[in-house]
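Sequence order for the protein chains is A, B and C. Take 92 as the starting number for the first sequence in our numbering and just add one per residue. Take 92 as the starting number for the second sequence in our numbering and just add one per residue. Take 92 as the starting number for the third sequence in our numbering and just add one per residue. Backbone N, C-alpha and C define an ideal beta-carbon position, used for all residues, glycine too. Since we're looking at a predicted model, the values are computed, not measured.
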Amino acid sequence: MNKFRWVLVLPIVLAVLAASSGTSWGAEGESGASLESVVAVQKYNRGIHVMAMLLVGFGFLMVFVRRYGLSTVTATYLLVSIAIPLYIVINSLGVLGEPKIEVDRLLLAEFAAASLLICAGAPLGRLKMSQYLLLGVFFIPCYMANEWILLEGGLGLIPQGGFVDTGGSILIHAFGALFGLGVVMTMTTEQEFKTPIESDSTSDRYSMLGSMVLWLFWPSFCAGLVAPDMVPYTAVNVIISLCGATIATYFASVALRGKICIADIANAALAGGVAIGSTCDHATHTMAFIIGLLGGTLSTYGFAVIQEKVQGMVKGIDTCGVTNLHGWPGIFGGVAAIFVVEGLDKGPQLMGIGIAIVLALITGYVTGKILAAFGRRIKPYEDSEEFITEEGPATA
Amino acid sequence: MNKFRWVLVLPIVLAVLAASSGTSWGAEGESGASLESVVAVQKYNRGIHVMAMLLVGFGFLMVFVRRYGLSTVTATYLLVSIAIPLYIVINSLGVLGEPKIEVDRLLLAEFAAASLLICAGAPLGRLKMSQYLLLGVFFIPCYMANEWILLEGGLGLIPQGGFVDTGGSILIHAFGALFGLGVVMTMTTEQEFKTPIESDSTSDRYSMLGSMVLWLFWPSFCAGLVAPDMVPYTAVNVIISLCGATIATYFASVALRGKICIADIANAALAGGVAIGSTCDHATHTMAFIIGLLGGTLSTYGFAVIQEKVQGMVKGIDTCGVTNLHGWPGIFGGVAAIFVVEGLDKGPQLMGIGIAIVLALITGYVTGKILAAFGRRIKPYEDSEEFITEEGPATA
Amino acid sequence: MNKFRWVLVLPIVLAVLAASSGTSWGAEGESGASLESVVAVQKYNRGIHVMAMLLVGFGFLMVFVRRYGLSTVTATYLLVSIAIPLYIVINSLGVLGEPKIEVDRLLLAEFAAASLLICAGAPLGRLKMSQYLLLGVFFIPCYMANEWILLEGGLGLIPQGGFVDTGGSILIHAFGALFGLGVVMTMTTEQEFKTPIESDSTSDRYSMLGSMVLWLFWPSFCAGLVAPDMVPYTAVNVIISLCGATIATYFASVALRGKICIADIANAALAGGVAIGSTCDHATHTMAFIIGLLGGTLSTYGFAVIQEKVQGMVKGIDTCGVTNLHGWPGIFGGVAAIFVVEGLDKGPQLMGIGIAIVLALITGYVTGKILAAFGRRIKPYEDSEEFITEEGPATA
Numbered sequence: 092m093n094k095f096r097w098v099l100v101l102p103i104v105l106a107v108l109a110a111s112s113g114t115s116w117g118a119e120g121e122s123g124a125s126l127e128s129v130v131a132v133q134k135y136n137r138g139i140h141v142m143a144m145l146l147v148g149f150g151f152l153m154v155f156v157r158r159y160g161l162s163t164v165t166a167t168y169l170l171v172s173i174a175i176p177l178y179i180v181i182n183s184l185g186v187l188g189e190p191k192i193e194v195d196r197l198l199l200a201e202f203a204a205a206s207l208l209i210c211a212g213a214p215l216g217r218l219k220m221s222q223y224l225l226l227g228v229f230f231i232p233c234y235m236a237n238e239w240i241l242l243e244g245g246l247g248l249i250p251q252g253g254f255v256d257t258g259g260s261i262l263i264h265a266f267g268a269l270f271g272l273g274v275v276m277t278m279t280t281e282q283e284f285k286t287p288i289e290s291d292s293t294s295d296r297y298s299m300l301g302s303m304v305l306w307l308f309w310p311s312f313c314a315g316l317v318a319p320d321m322v323p324y325t326a327v328n329v330i331i332s333l334c335g336a337t338i339a340t341y342f343a344s345v346a347l348r349g350k351i352c353i354a355d356i357a358n359a360a361l362a363g364g365v366a367i368g369s370t371c372d373h374a375t376h377t378m379a380f381i382i383g384l385l386g387g388t389l390s391t392y393g394f395a396v397i398q399e400k401v402q403g404m405v406k407g408i409d410t411c412g413v414t415n416l417h418g419w420p421g422i423f424g425g426v427a428a429i430f431v432v433e434g435l436d437k438g439p440q441l442m443g444i445g446i447a448i449v450l451a452l453i454t455g456y457v458t459g460k461i462l463a464a465f466g467r468r469i470k471p472y473e474d475s476e477e478f479i480t481e482e483g484p485a486t487a
Numbered sequence: 092m093n094k095f096r097w098v099l100v101l102p103i104v105l106a107v108l109a110a111s112s113g114t115s116w117g118a119e120g121e122s123g124a125s126l127e128s129v130v131a132v133q134k135y136n137r138g139i140h141v142m143a144m145l146l147v148g149f150g151f152l153m154v155f156v157r158r159y160g161l162s163t164v165t166a167t168y169l170l171v172s173i174a175i176p177l178y179i180v181i182n183s184l185g186v187l188g189e190p191k192i193e194v195d196r197l198l199l200a201e202f203a204a205a206s207l208l209i210c211a212g213a214p215l216g217r218l219k220m221s222q223y224l225l226l227g228v229f230f231i232p233c234y235m236a237n238e239w240i241l242l243e244g245g246l247g248l249i250p251q252g253g254f255v256d257t258g259g260s261i262l263i264h265a266f267g268a269l270f271g272l273g274v275v276m277t278m279t280t281e282q283e284f285k286t287p288i289e290s291d292s293t294s295d296r297y298s299m300l301g302s303m304v305l306w307l308f309w310p311s312f313c314a315g316l317v318a319p320d321m322v323p324y325t326a327v328n329v330i331i332s333l334c335g336a337t338i339a340t341y342f343a344s345v346a347l348r349g350k351i352c353i354a355d356i357a358n359a360a361l362a363g364g365v366a367i368g369s370t371c372d373h374a375t376h377t378m379a380f381i382i383g384l385l386g387g388t389l390s391t392y393g394f395a396v397i398q399e400k401v402q403g404m405v406k407g408i409d410t411c412g413v414t415n416l417h418g419w420p421g422i423f424g425g426v427a428a429i430f431v432v433e434g435l436d437k438g439p440q441l442m443g444i445g446i447a448i449v450l451a452l453i454t455g456y457v458t459g460k461i462l463a464a465f466g467r468r469i470k471p472y473e474d475s476e477e478f479i480t481e482e483g484p485a486t487a
Numbered sequence: 092m093n094k095f096r097w098v099l100v101l102p103i104v105l106a107v108l109a110a111s112s113g114t115s116w117g118a119e120g121e122s123g124a125s126l127e128s129v130v131a132v133q134k135y136n137r138g139i140h141v142m143a144m145l146l147v148g149f150g151f152l153m154v155f156v157r158r159y160g161l162s163t164v165t166a167t168y169l170l171v172s173i174a175i176p177l178y179i180v181i182n183s184l185g186v187l188g189e190p191k192i193e194v195d196r197l198l199l200a201e202f203a204a205a206s207l208l209i210c211a212g213a214p215l216g217r218l219k220m221s222q223y224l225l226l227g228v229f230f231i232p233c234y235m236a237n238e239w240i241l242l243e244g245g246l247g248l249i250p251q252g253g254f255v256d257t258g259g260s261i262l263i264h265a266f267g268a269l270f271g272l273g274v275v276m277t278m279t280t281e282q283e284f285k286t287p288i289e290s291d292s293t294s295d296r297y298s299m300l301g302s303m304v305l306w307l308f309w310p311s312f313c314a315g316l317v318a319p320d321m322v323p324y325t326a327v328n329v330i331i332s333l334c335g336a337t338i339a340t341y342f343a344s345v346a347l348r349g350k351i352c353i354a355d356i357a358n359a360a361l362a363g364g365v366a367i368g369s370t371c372d373h374a375t376h377t378m379a380f381i382i383g384l385l386g387g388t389l390s391t392y393g394f395a396v397i398q399e400k401v402q403g404m405v406k407g408i409d410t411c412g413v414t415n416l417h418g419w420p421g422i423f424g425g426v427a428a429i430f431v432v433e434g435l436d437k438g439p440q441l442m443g444i445g446i447a448i449v450l451a452l453i454t455g456y457v458t459g460k461i462l463a464a465f466g467r468r469i470k471p472y473e474d475s476e477e478f479i480t481e482e483g484p485a486t487a
């Protein structure tokens, strides 16, 4: 750990940055109730739902790696704790996009944290705790740059409003997954590549708990910033798409493997949420169901067939298979918008998808190189290296 | 599995049905904020709470069967995923009741899914995955028929408004439990009857997690469609009833068994929520507390004493004891309305209860016969038959 | 158990009290939607979040004691079930404070239940189930007396509005923890003091689940009764403080112990929520982050260093280390208000803190004496003494 003592400066830097970002980061004023404030409280409430997805959802979905459970949940805590304040500070400073109102910024910060957790699923088990913190520090500005370019006309590449991605199929899911793929391209050693990730035999139900928490709060994720009038409609679309993906995953898993693989169910059932993201407030319910069926099938096919090929190509291990759950279904969702959203110009939409893919892979690759400079391992990590694992009094 | 390949047509049929149900299943239009839309978002929010009950609540409460954990959580996923779209499609078509507005329909669909999960708790461990899907397909229309008859004057048997059941003691709990009892009447083989369901020794805390999730979100279940002015009052009634049932369960469990049985705590504590359903927005808090005390006592008595007799009578095994948690306390709650709700005509109320009981048992029995035609087992199922259970790479 | 049969009268006494508290405990009337009612529903919704903290959060955070898991979760259920109705009844009677409106009373009752669960964390593992119930019966009036004195000018000691503690750093956390400390002062036998509490080796992930549920719903806890206009701002403060505490805990745990202790992460990460309580709607975000950093560091230091000294001083065992998580960070939060809240008179604030500390210790000590009269143990309890622990049919 000695080598990493310097990360101690992180909180201090963050606090200084925070202090310098001035009034928008300070108290706001009067109290009371109005239709506007009530709408903001409803957004905040969806923000709590998203927080449940970040901690319990992602945290427990990723808990399957053998002898790495403590590391996984601790990393989840740390990644969220670095991502949210960092996003809020940077946005308050007006860098990489206009400063947002308090509650919108909270939700956007949570979306960034979600993307970071997706990204971290790829190199999971091959980083020290301090490297996860570093990963967060590098990831968030890259994520914000992408968001700024695609949604706010940053660099003048895409006209504002030309890119449709309400629930973040591209901005959150595909970007995070491909950034993670970029990281593992450079992080994975040859020997590591030959050592398969071992699952913990008692972790199935934890994974399913994480999966279910993600599934059930997903409507709040996609409808997070949607206007009240459209929230129920959007939510129903997301639920229907998730139902479609869940049913499709069951059939696809049996068809592709002979028996049901519980990891398919825990993961690919969620691909309906990933894929409906871009069009969740535009699709008809029928389209949402079909997008879910296709998303679930694509994701299961990814876990069963594509993953091995991709890993061979990039010579890297994607521990949680995030490309299968968030990568391909995310891109599929972004492309589906061209067919689903009336009057959408396909030029900016496709260009946005292309930018996100390229930016994610490049910045991920560079980040991986930097992380590797702080130490890379031949063998997977185990809890015992960074955690006190001999059981004793909980408070000793 | 080969025999069940035909269920592959299910999603396709559902999609076609969906497409045919026209505009009410399509996009709805303008965006904005109004008091009305804010109220709808609050209903949606309670819908998310109910979703937590469906997946994490019911899923983990039922996870106790030995070597059947993967099957239980997967079945939960599949049952929810078939029930919700099916209910939405049928209601959109205007069959078995007027089409509802988007958010109300979502909640009603979730209630139907809850009733289906209750029902599935009876034959749990004796069905293949594909048979659970089939169970859902048969259950939902029967459930909707009952709902239509009791609440919307279907078949002209009960005058609209004559039957009081805000939180679904009868419509959701008793119906689901007795349908399940009907199913097991015909599904259970003699040899199966002699083989007790084995509990998984490590599952107690999972069951308690499921139980607690059900307990804590129950107020949102009962107040799901209640007008804003009455939500806090209704919620407090539900909470007080659950508190009463929890305390009563502790005393009853010790009194009836000598020591506390954790399955009593996990299950019967919830009977307060079941029993207060019919009168949750009418009872005084004192009445709610008493209904909870009685509901918890009745349910514990059911698990400790009645169940064995009922199983002997119907020659069927009720794996989760759903009659004890949802059956008798549900009927008790429906009958309690006669004493609690001022000005309620007891004729239609009792008639409604009677119709629900008879309809549930008959349609359940017939459904069981049909399911049995697709295969019935002598021994309980184990995960290994339908799932890949040798632990390997999670993404292999 | 025979000795404790008399607690059977508890529910009856509660019901009689309830009945006597008249109309405010009865039905309230008309239905509809208004801005006011919508605001109340949003409070109710935060009340559900708090309920998730009470049951799943506290319940599973405390589940680490070896062979005591069933007792812990059952005690959680019972403590909540006794606290909430008791608080509601007493407040309805107008004793120890003005009767509140329905939804505010629900939240206040849940806060009282939270404080009780914190308190119970200290003697955890050394009480019978019936003693937990008794603990609740004694704790709630003491808690309400403290609340009345500090917030409503009870006994004329502190001017109304002179004491600032929006999120309950003092009222809920410090009071509960110090009451618990008072209880263990008298409850712990010398031999017990020498026997360390053993952790269950498989409980780490359960504890982290509890911790995460507490973390993510904490904003709703602190903003429970805050006006809509201030909810997002307050929530962001709480989240930022929790992020700060989580990061600080990681560094402090490594610095103080050489490696990460998972119990630190699960507990001290929450100290940001405890410490920001008093000032959650007043602090700037920067201050919130700093309060979180300090709170997390203080709490980790408490677990690693202070606890042993305190236990030596009071000759009592604090099973869950509640003084470290809720005690010192709570007091720190209350004191921080003097520096953070503009125009706050430090006299009443410090006096309030002093009163809370003294009252908690004294009433806790007396309660401990009374509980001890109903039996005290030399060895820690195990599930098998009060629970049926041989695995058999769940419904046997």
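**Report entry** Contiguous alpha helix (DSSP H) assignments of at least 4 residues, all confined to the region 428 to 452 of chain B
**Finding:** none
Query raised in the report: Can you tell me the Cα-Cα spacing of residue 179 of chain B and residue 252 of chain B, whole angstroms?
Result: Translated into the one-based positions of the second sequence, residue 179 of chain B becomes position 88. Translated into the one-based positions of the second sequence, residue 252 of chain B becomes position 161. Straight-line measurement puts the Cα of residue 252 of chain B at about 23 Å from the Cα of residue 179 of chain B.
Query raised in the report: Is there a Cβ from chain A that is less than 7 Å from the Cβ of residue 477 of chain B?
Result: For the purposes of this step, residue 477 of chain B is identified with residue 386 of the second sequence, where counting begins at 1. Judged by the 7 Å Cβ criterion, residue 477 of chain B is in contact with chain A.
Requested in this report: Quick one: using the 10 Å Cβ neighbour count with 16 as the cut-off for buried, is residue 395 of chain C buried or exposed?
Outcome: Locating residue 395 of chain C in the third sequence gives position 304, where the first residue counts as 1. When all chains shown are included, residue 395 of chain C counts as buried.
Report task. On the DSSP bridge assignment, give the partners of residue 351 of chain A in chain order. Result -> Counted from its first residue, the first sequence places residue 351 of chain A at position 260. Answer is B/478, bridged to residue 351 of chain A.
Query raised in the report: Given that residue 352 of chain C touches chain A, what residues does it touch there, using C-beta distances under 7 Å?
Result: For this step, residue 352 of chain C is matched to residue 261 along the third sequence. 479, listed in chain order.
Query raised in the report: Just to confirm, are residue 364 of chain A and residue 419 of chain A a CB contact at a threshold of 7 Å?
Result: As a first step, residue 364 of chain A must be located in the first sequence, where it is residue number 273. As a first step, residue 419 of chain A must be located in the first sequence, where it is residue number 328. No; because the gap between Cβ atoms is not below 7 Å, this pair is not in contact.
**Report entry** Same chain, Cβ closer than 6 Å to residue 256 of chain A, neighbours up to 5 away in sequence not counted
**Finding:** Translated into positions along the first sequence, residue 256 of chain A becomes position 165. So the list reads 262 and 369, once near-sequence residues are dropped.
Query raised in the report: To the nearest angstrom, how far is it from the Cα of residue 347 of chain C to the Cα of residue 320 of chain A?
Result: Locating residue 347 of chain C in the third sequence gives position 256, counting from the first residue. Locating residue 320 of chain A in the first sequence gives position 229, counting from the first residue. Taking the straight line joining both Cα atoms gives about 52 Å.
Query raised in the report: Which full runs of the beta strand (DSSP E) of 3+ residues lie inside the region 144 to 205 of chain C, going along the chain?
Result: none
Query raised in the report: How about residue 340 of chain A and residue 377 of chain A: do their beta carbons lie closer than 7 Å?
Result: Looking up residue 340 of chain A in the first sequence gives position 249. Looking up residue 377 of chain A in the first sequence gives position 286. No.
Query raised in the report: What is the rounded straight-line gap between the Cα of residue 474 of chain A and the Cα of residue 167 of chain B?
Result: Here residue 474 of chain A refers to the residue found at position 383 when the first sequence is read from its first residue. Here residue 167 of chain B refers to the residue found at position 76 when the second sequence is read from its first residue. For residue 474 of chain A and residue 167 of chain B, the distance between alpha carbons rounds to 32 Å.
Report task. Can you grab the Cα-Cα spacing for the pair residue 455 of chain A / residue 269 of chain B, in whole Å? Result -> Within the first sequence, the letter at position 364 stands for residue 455 of chain A. Within the second sequence, the letter at position 178 stands for residue 269 of chain B. If you take the alpha carbons of residue 455 of chain A and residue 269 of chain B, they lie about 56 Å apart.
**Report entry** residue 290 of chain C, DSSP secondary structure in three states
**Finding:** By one-based count along the third sequence, residue 290 of chain C stands at place 199. Residue 290 of chain C falls in the strand class under three-state DSSP.
Query - Interface partners of residue 182 of chain C on chain B, CB under 8 Å - result: Translated into positions along the third sequence, residue 182 of chain C becomes position 91. Within 8 Å Cβ-Cβ: nothing; residue 182 of chain C doesn't reach chain B, min ~12 Å.
Report task. Counting only the same chain and skipping the five closest in sequence on each side, list residues whose C-beta sits under 7 Å from that of residue 463 of chain C. Result -> Working through the third sequence from its first residue, we reach residue 463 of chain C at position 372. So the qualifying residues of the chain are 277 and 278.
Query raised in the report: Since residue 198 of chain A and residue 130 of chain A are thought to touch, with beta carbons under 8 Å apart, how far apart are those beta carbons, to the nearest angstrom?
Result: Sequence index remark: in the first sequence, residue 198 of chain A carries index 107 (1-based). Sequence index remark: in the first sequence, residue 130 of chain A carries index 39 (1-based). Not confirmed; about 13 Å, so no contact.
Query raised in the report: Taking all protein chains shown into account, do 16 or more other C-beta atoms lie within 10 angstroms of the C-beta of residue 404 of chain A, making it buried, or fewer, making it exposed?
Result: Reading the first sequence from its first residue, position 313 is the one you call residue 404 of chain A. With fewer than 16 Cβ atoms within 10 Å of its Cβ, residue 404 of chain A is classed as exposed.
Query raised in the report: Is the beta carbon of residue 458 of chain A less than 7 Å from the beta carbon of residue 229 of chain A?
Result: The residue labelled residue 458 of chain A in the question sits at position 367 within the first sequence. The residue labelled residue 229 of chain A in the question sits at position 138 within the first sequence. It is a contact, given that the beta carbons lie within the stated cut-off.
Requested in this report: Evaluate the contact criterion for the region 223 to 242 of chain C versus the region 428 to 435 of chain C: three or more CB pairs, one atom per stretch, below 8 Å.
Outcome: no
Requested in this report: Anything in the region 308 to 319 of chain A with a Cβ closer than 8 Å to a Cβ of chain C? List those residues in chain order, please.
Outcome: For the region 308 to 319 of chain A, which is checked against every Cβ of chain C, not one residue is closer than 8 Å.
Report task. Could you please tell me which residues of the region 139 to 160 of chain A, in chain order, have their CB closer than 8 Å to any CB of chain C? Result -> 139, 142, 143, 145, 146, 147, 150, 151, 154 and 160
Requested in this report: Anything in chain A within Cβ reach of residue 194 of chain B, meaning under 7 Å, just list it in chain order.
Outcome: By one-based count along the second sequence, residue 194 of chain B stands at place 103. Simply 323.
Query raised in the report: For residue 311 of chain A, which residues from the same chain have a beta carbon less than 7 Å from its beta carbon, with the 5 sequence-adjacent residues on both sides left out?
Result: Counting from one through the first sequence, the residue named residue 311 of chain A turns up at place 220. Correct list, in chain order: 137, 140 and 141.
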